[in-house]
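Residue numbers (my numbering), protein chains in the order written: chain G, 55 to 226; chain V, 108 to 211.
In structure tokens:
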């Protein structure tokens, strides 16, 4: 067991513990902060796997964007210091049971399956390769999904503005 | 303890997915449900990256799927929060139990 393995196990523990706390704490602001640490742990796992670009995107978009958005909406919609109402104990027990059964079944399937690793040489995935592949228009390129996603983001932006627009009362 | 490999990553991703499902079942507040959805999407991303790293290291398909899922998740979170804030304006609460006009 060398240093790299220890780092992996630490990152995994951080991710899973913070995820459990994020769904179980009764203070909504703390839930958001635990979600932040979960996302940072996942970004650390991406770094550990040598996918620096994905890790950077994860930190920029999730940690810097979505969590901040969630925290702002908590400020806008929650009264300060108010805890979430207690859930029924039956609902908690049944969902925990369902989740454990699903998790057990999934892991059973995963451990029984023998994954075949390829013999092919690994390619580099630095930012230059990713950018070249993302904008290439040949059969292996991703130019079309790239454009579709940019249209989707534009549509989502306009949709958000329209939805959140305050509807003025008719005065005329 | 073994060398971390594909099975470890699949374990983390499955655990994250089911933690997200648990949150989705038990929470009744729209923002915390949105957080559970983010957990589920992250587990899917981790799965794609793990398969790309260990089974198809000569391709970049999993990586691009992850990039596009992150973009779509950002759009989804923005739209969801716009809807939540609009709901808060009209109902003064973001509890799903209070938003049931469409049910009947």
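Beta carbons: idealized from backbone N, C-alpha and C, even for Gly.
- Beta-bridge pairing by DSSP links residue 202/V to 136/V.
- By the criterion of at least three beta-carbon pairs nearer than 8 angstroms, the segment 92–112 of chain G is not in contact with the segment 124–132 of chain G.
- In this structure, DSSP gives residue 137/G a state outside helix and strand, which the three-state scheme calls coil.
- A Cβ of chain V is located within less than 8 angstroms of the beta carbon of residue 146/G.
- An exposed status is given to residue 64/G, since fewer than 16 other beta-carbon atoms sit within 10 Å of its beta-carbon.
- By the Cβ test, the segment 134–145 of chain V is in contact with the segment 179–197 of chain V, since at least three Cβ pairs between them sit closer than 8 angstroms.
- If only uninterrupted alpha helix (DSSP H) runs of at least 4 residues are considered, those enclosed by the segment 150–205 of chain V are 168–198.
- Using a Cβ-Cβ cut-off of 8 angstroms, residue 140/G does not count as an interface residue toward chain V, since no Cβ of chain V sits closer than that to its own.
- For residue 121/V, the nearest CB of chain G lies under 8 angstroms from its own CB, placing it at the interface with that chain.
- Contact between residue 57/G and residue 186/V is ruled out by a C-beta separation of about 43 angstroms, above the 8 angstroms threshold.
- Contact between the segment 165–173 of chain V and the segment 123–133 of chain V is absent: fewer than 3 CB-CB pairs across the two stretches fall below 8 angstroms.
- For residue 191/G, not one C-beta of chain V is nearer than 8 angstroms to its own C-beta.
- At least one C-beta of chain V is nearer than 8 angstroms to the C-beta of residue 119/G.
- As the crow flies, the alpha-carbon of residue 116/V is around 42 angstroms from that of residue 208/V.
- Secondary structure at residue 55/G: coil, using DSSP grouped into helix, strand and coil.
- Here the segment 143–156 of chain V does not lie against the segment 130–145 of chain G, with fewer than 3 beta-carbon pairs under 8 angstroms apart.
- Contact between the segment 163–178 of chain G and the segment 143–151 of chain V is absent: fewer than three C-beta pairs spanning the two stretches fall below 8 angstroms.
- Of the other Cβ atoms in all chains shown, fewer than 16 fall within 10 Å of the Cβ of residue 169/G; this residue is therefore exposed.
- Close CB contacts of residue 112/V within its chain, under the 8 angstroms cut and outside five residues either way in sequence, are with 161 (chain order).
- Residue burial annotation: residue 84/G is exposed, with fewer than 16 other C-beta atoms found within 10 angstroms of its C-beta.
- For secondary structure counted as the alpha helix (DSSP H) over 4 or more consecutive residues, the segment 134–214 of chain G holds these complete runs in sequence order: 143–166, 181–188.
- In the DSSP annotation of this structure, the continuous segment of the alpha helix (DSSP H) that includes residue 106/G starts and ends at 106–111.
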